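Residue 116 in UniProt numbering sits at position 116 of the sequence shown; the count goes up by one each step and never skips. For each residue, glycine too, the CB sits at the ideal point set by N, CA and C. On a predicted model such as this, the values are computed, not experimentally measured, just so you know. Reading through the structure tokens given below for one structure.
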Amino acid sequence: MALVKTDTPTEQQIAQLTGGLRSYNIQFVEPEMFRPFAVFDTDEQGVIQAGISGKQQGEWLSIEFLWVGESLRGTGLGGRLVAAAEEIAVERGSRYLLVDTFSFQALGFYQKQGFVLQMSLDNYPHTGQQRHYLTRSLVG
């Protein structure tokens, strides 16, 4: 047995790692409840100017990325993208939304969308910054 350290894992190595974990997890969760989603806003030429993506994880829909091009910020497009993600969550039977954001990103935006701050990690990714975890219930 040997521990191999690398800064450049191959796709095959990562696939073996995640495959092993998924094989274990399958006894506890339904694999079809773990799938990606994305919603994009495009211009007339089909160029993405904003979007939201993430994955369903059981009863949770996790938002991993939300980006709005600078010229469209403040237009309500970000809120419409979150609403579209919520629609997907409800269609799939998810009961909750989860998102994390850094202190230099969009904490206030998510709170305006009804997300509740659950936890903050101080000094992440650097001293003086924070990573915030927020949730929103889709039930009740």
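For residue i: DSSP bridge partner residues
{"i": "Val99", "result": "Ile63, Leu134"}
{"i": "Gln16", "result": "Beta-bridge pairing links Gln16 to no other residue."}
{"i": "Val68", "result": "Ala50"}
{"i": "Ala31", "result": "In the sequence as displayed, the identity of residue 31 is Pro instead of Ala. In the DSSP output, where bridge partners are listed per residue, Pro31 has none listed."}
{"i": "Pro36", "result": "Lys55"}
{"i": "residue 163", "result": "Absent from the model: residue 163. The displayed extent of the chain is 1 to 140, so no value can be given."}
{"i": "Leu121", "result": "Arg131"}
With 16 other Cβ atoms within 10 Å as the buried cut-off, status of residue i
{"i": "Ala50", "result": "buried"}
{"i": "Leu22", "result": "Leu is not the amino acid found at residue 22; the sequence shown has Arg there. When all chains shown are included, Arg22 counts as exposed."}
{"i": "Ala104", "result": "Before going on, a small fix: residue 104 reads as Phe here, not Ala. Its Cβ having fewer than 16 others within 10 Å, Phe104 is exposed."}
{"i": "Ser137", "result": "exposed"}
{"i": "residue 141", "result": "There is no way to answer for residue 141, as the model of the chain reaches only from 1 to 140."}
{"i": "Gly79", "result": "exposed"}
{"i": "Gly20", "result": "exposed"}
{"i": "Leu134", "result": "buried"}
{"i": "Gly128", "result": "exposed"}
{"i": "Gly54", "result": "buried"}
{"i": "Tyr24", "result": "exposed"}
CB contact flag (residue i, residue j, <7 Å)
{"i": "Gln56", "j": "Arg92", "result": "yes"}
{"i": "Ile52", "j": "Leu81", "result": "yes"}
{"i": "His132", "j": "Leu97", "result": "no"}
{"i": "Val29", "j": "Gly58", "result": "yes"}
{"i": "Tyr68", "j": "Leu61", "result": "In the sequence under discussion, the amino acid at residue 68 is Val, which differs from the Tyr named in the question. No; because the gap between Cβ atoms is not below 7 Å, this pair is not in contact."}
{"i": "Arg95", "j": "Val47", "result": "no"}
{"i": "Ser120", "j": "Gln113", "result": "no"}
Contact with chain B by residue i, beta-carbon distance below 7 Å
{"i": "Asp7", "result": "No chain B appears in the structure shown, which is made up of a single protein chain."}
Can you find at least 3 beta carbon pairs, one from the region 85-96 and one from the region 67-74, that sit closer than 8 Å?
no
If we count Cβ pairs, one from each stretch, closer than 8 Å, do we get three or more for the region 94-104 versus the region 113-129?
yes
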